[in-house]
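So the structure is just underneath, and the comments pick up after that.
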Amino acid sequence: MGNDWWRTAAIYQVYVRSFADSNGDGIGDLGGVRDKLGHLADLGVDAVWLTPFYASPMADGGYDVADYRTVDPLFGDLTEAEALVREAHERGLRVLVDLVPNHTSSRHEWFVEALEAGPGSAARARYHFRDGRDGGPPNDWESVFGGPAWTQVADGQWYLHLFDPAQPDLNWDNPEVRAEFDDILRFWLDRGVDGFRVDVAHGMIKAHGLPDAGCTDQASLLTTRELPYFDQDGVHEIYRAWRKILDSYPGERIGVAEAWVPSADRLARYVRSDELHQAFNFHYVEATWSAAGFREVIDASLAAVSGVDAPSTWVLSNHDIQRHVTRYGGGELGLRRARAAALLTMALPGSVYVYQGEELGLPEVTDLPDEVLTDPVWERSGHTDRGRDGCRVPLPWSGGEPPFGFGGPAWLPQPAEWAAYTAEAQRDDPGSMLTLYRRALRLRRDLPRTGLRWLEPGARTPSGTDADEQVLAFGRGADFTCTVNFSSEPVTLPAPGRLILGSLPESEFTAVPGTAGAGHGTHGDGERVTVPPNSAAWWSGDVHG
Ligand code: GLC
Ligand code: CA
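Residue numbers 17 to 561, in this note's numbering, belong to the letters of the sequence shown in order.
Here's what the structure looks like:
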C-alpha cells in the first residue's frame with residue numbers, strides 16, 4: 017500500500033444499517049460488510065468509510081454514541097469489527113471509521129452521571145449545562161434538527177444539544193473530554209483502522225460565554241453561516257493534537273473533517289499540514305447543473321487547497337443529502353446527468369467519495385410512508401421536513417423482489433422498481449451504472465497526478481452558434497481530456513482525441529459527417545465530434561487550447 021494513498025483515493029461510504037444484513041434481522045451489520053468486500057474490491061475503490069456501529073440507542077442512526085469502544089449488538093461485536101478490518105486489508109482496502117466527538121448519546125454513562133450529580137458538579141462540566149434566562153433557555157441557539165438547542169432537566173438547568181435532545185454536546189474546554197477522545201482514537205488505531213471521519217468537525221468549540229446567535233433559521237445540515245457554535249478557531253487546536261496521534265502510528269492514518277463552513281477557504285483551514293488530511297467538499301454538492309456552476313466550485317475548491325498541501329475532495333451524495341440522481345432532475349434525466357457527473361467527478365484531481373448505491377444509480381426514495389420514518393428531523397420539524405431516510409433505504413443486491421438479497425425484510429421498505437437496480441442485474445450489463453463506475457474507477461487509477469487546466473472546448477450547437485458556456489473541457493497531463501456537456505442539446509466539439517470512456521454508449525459520440533477521423537485521430541483540421549446532451553467523456557489527447 018503506497019505512500020500518500022489518501023491524496024487520490026476513491027473512498028466508499030458504507031452506511032452500515034443499510035448496506036447488507038448478514039443475520040436476517042433486516043438491519044445491515046458488520047458481517048454484511050464482510051460478505052460484500054468482494055463487491056467493493058471489484059468496484060475499484062481504495063478505502064471504505066463505515067458510519068457509526070458503536071453501542072447506541074439509535075436516536076440518530078448511531079450518531080448518538082453510548083459507548084465509543086463497543087460495537088452495538090445490532091451490528092456485531094468487536095471481534096467482527098477486527099475481522100472486517102483484517103479482511104479489508106487483505107483485499108487492499110483501507111478502513112476509516114466514524115468518530116462522533118461533538119456529542120454523546122444521552123444514555124452515555126457520562127451524561128447519566130451528569131443528570132444525577134446535579135448543578136455545579138464535575139460530571140456536568142463535561143457537557144454544557146446552564147441556568148435558564150427569563151424562564152426560557154440560556155440563549156437563542158437552535159438545534160440543526162429544528163427547535164431550540166437546549167432542553168431543561170428536572171432540577172431546572174438546561175443542557176445544550178446542537179442536534180437531537182438525545183445528543184448532548186460535550187464541553188471541549190474540559191481536559192477530561194480531550195483525554196478521553198485521545199484514548200478513543202488510540203483504541204481504534206490499535207485495532208488497525210486507517211483513520212477517522214470526524215462528525216461535525218466544526219462544532220466542538222463554542223464561543224466564550226455562549227453568546228446569542230442573534231438570528232433565526234441558523235443552520236441546516238451541510239450549509240451554514242457564521243455562528244457562535246460553528247467553525248470557531250479553537251477547533252483547530254484539537255486537530256493539531258489528533259494529527260500527532262495519527263502520525264505516531266505506522267502507515268498513513270488519516271482524519272477527514274465533516275465541516276460545514278461558509279467557504280472553501282474556511283474549509284482549507286481544517287486540512288493544514290499539521291491538522292486533518294481531508295475535508296468533505298459540500299460546496300461541490302451544492303453546485304447546480306450548469307457548466308458555470310461546476311467550474312466556479314471546482315476553481316474555488318482547488319484554489320482553497322493550493323496553499324495547504326492537501327487534496328480537494330469531491331462528493332456527490334451521502335447519508336444526509338438527497339441522492340444526486342434525484343437532485344439532478346430524477347428519472348432518465350437524473351440518471352443521465354448522474355452518469356455525466358460521475359465521469360466529471362472522477363476526472364478531477366484529488367480524492368473522491370462514493371456513497372453506497374450511487375454506483376447502482378439509486379434515486380432518492382421520496383414516498384416512504386410516514387410511519388416508517390426514523391430520522392429525528394421528521395419529528396423535530398413538526399412533520400414539515402421528511403428528513404434523510406429516503407437516501408438510506410437498504411441496497412438492492414439481487415433477485416426480483418424485496419429485500420433484493422439485502423438479508424431480512426429491510427428496515428426501510430425498498431421500492432419494487434429496484435429489481436432493475438440490483439448489483440446482480442447490472443454486473444454484466446455494459447450499459448449499466450455499475451459498469452460505468454467500475455470502468456471509471458479503474459481508469460482513474462492511471463490518470464496523470466497533475467492538476468487540471470481548463471481548455472476552450474470550442475463547442476457549437478448544430479445550427480452553428482457558440483455553446484462554450486454549456487460545456488466544460490479540461491486537460492490533465494499531456495494526454496487526458498474530460499469534456500462535459502451540461503446542456504440539453506447535442507453540441508459539436510473539435511475532436512479531443514480518442515474516446516476512452518463516455519457516460520453514454522460510444523455510438524452516441526459520433527463524428528460529424530465530412531470531418532473525417534473525428535473521435536479517432538488526433539487533432540486533424542476541422543475534425544469535429546458530436547457529444548450528446550447531459551453527457552461527459554474522457555479522451556486521450558488534447559482539445560486545442
Ligand atoms: C453529521 C452526520 C449526521 C448526523 C449529525 C449529528 O452531520 O453526518 O448524519 O445526524 O452529524 O451527529
Ligand atoms: Ca443484521
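Yeah, the Cβ is synthetic: ideal placement off N, Cα and C, and Gly gets one too. On a predicted model such as this, the values are computed, not experimentally measured, just so you know.
Among D263, L411, P429, V81, nearest to E387 - alpha-carbon criterion: Checked all of D263, L411, P429, V81; the closest Cα to E387 is P429.
Straight-line Cα distance separating S523 from A534: Bear in mind that the predicted position of A534 carries a pLDDT of just 42, short of 50, making it unreliable; the figure below should be weighed with that in mind. Straight through space, the alpha carbons of S523 and A534 are spaced by roughly 13 Å.
Segment contact, 8 Å Cβ cut-off, at least three pairs: the segment 443 to 460 with the segment 269 to 289: Of all C-beta pairs linking the segment 443 to 460 to the segment 269 to 289, fewer than three are shorter than 8 Å, placing the two stretches out of contact.
Endpoints, beta strand (DSSP E) assigned at L509: From DSSP, the beta strand (DSSP E) with L509 extends over 507 to 510.
Segments assigned beta strand (DSSP E), at least 3 residues, entirely inside the segment 197 to 274: Segments of the beta strand (DSSP E) lying fully in the segment 197 to 274: 211 to 214, 270 to 273.
E274 beta carbon near ligand 1 (any heavy atom closer than 7 Å): Relative to ligand 1, E274 has its C-beta within less than 7 Å of a heavy atom.
First through last residue of the beta strand (DSSP E) which encompasses L112: Taken as a continuous stretch (DSSP letters only), the beta strand (DSSP E) holding L112 covers 110 to 115.
Y70 beta carbon less than 8 Å from that of T86: At a Cβ-Cβ threshold of 8 Å, T86 and Y70 count as neighbours.
One or two residues paired with A26 in a DSSP bridge: A26 has V368 as its beta-bridge partners, per DSSP.
N-terminal and C-terminal residue of the beta strand (DSSP E) that R492 is part of: Here the beta strand (DSSP E) through R492 covers 487 to 492.
Q183: CB within 7 Å of a non-hydrogen atom of ligand 1: Under cutoff, so the answer is yes.
Top-ranked residue by Cα proximity to Y28, from D147, P521, G40, V64: The shortest Cα separation from Y28 among D147, P521, G40, V64 belongs to V64.
Chain-ordered residues, beta carbon under 5 Å from a heavy atom of ligand 2: For ligand 2, the residues with a Cβ under 5 Å from any of its heavy atoms are, in chain order, D37, N39, D41, I43, D45.
Check: F179 C-beta below 7 Å from any heavy atom of ligand 1: For F179, the shortest C-beta to heavy atom distance toward ligand 1 is below 7 Å.
C-beta atoms of A553 and S519 nearer than 8 Å: Cβ distance < 8 Å, so A553 and S519 count as in contact.
Which listed residue (T329, Y371, T382, W330) has its alpha carbon closest to that of G345: Of the candidates T329, Y371, T382, W330, the one whose C-alpha sits nearest the C-alpha of G345 is T382.
Contacting residues, own chain, Cβ-Cβ under 7 Å from R514 (five flanking each side not counted): So the list reads H536, W555, S556, G557, once near-sequence residues are dropped.
Spatial neighbours of F145 in its chain, beta-carbon cut-off 6 Å, leaving aside the 5 residues before and after: For F145, where only same-chain residues beyond five positions count, the Cβ hits under 6 Å are Q173, Y175.
Nearest to A483 (by Cα), restricted to the options G423, G491, R492, E472: Cα-wise, what sits closest to A483 is E472.
Straight-line Cα distance separating V321 from L488: Near 21 Å, if we compare the C-alpha coordinates of V321 and L488.
Whole-angstrom distance between A354 and A475, CA atom to CA atom: If you take the alpha carbons of A475 and A354, they lie about 22 Å apart.
Spatial distance of V111 from V81 (CA atoms): Approximately 20 Å between the Cα atoms of the pair.
Straight-line gap, G540 to L238 (C-alpha atoms, nearest Å): In this prediction, G540 has a pLDDT of 47, which is less than 50 and means its spatial position is unreliable; what the coordinates show is noted afterwards. The alpha-carbon of G540 is positioned some 47 Å away from that of L238.
Residue range of the beta strand (DSSP E) that includes Y175: Boundaries of the beta strand (DSSP E) harbouring Y175: 174 to 176, taken from the DSSP string.
A552, DSSP secondary structure in three states: Of the three classes helix, strand and coil, the one that applies to A552 here is strand, per DSSP.
Check: L457 C-beta below 7 Å from any heavy atom of ligand 4: Summarising the ligand content, the structure contains ligand 1 and ligand 2 and does not contain ligand 4.
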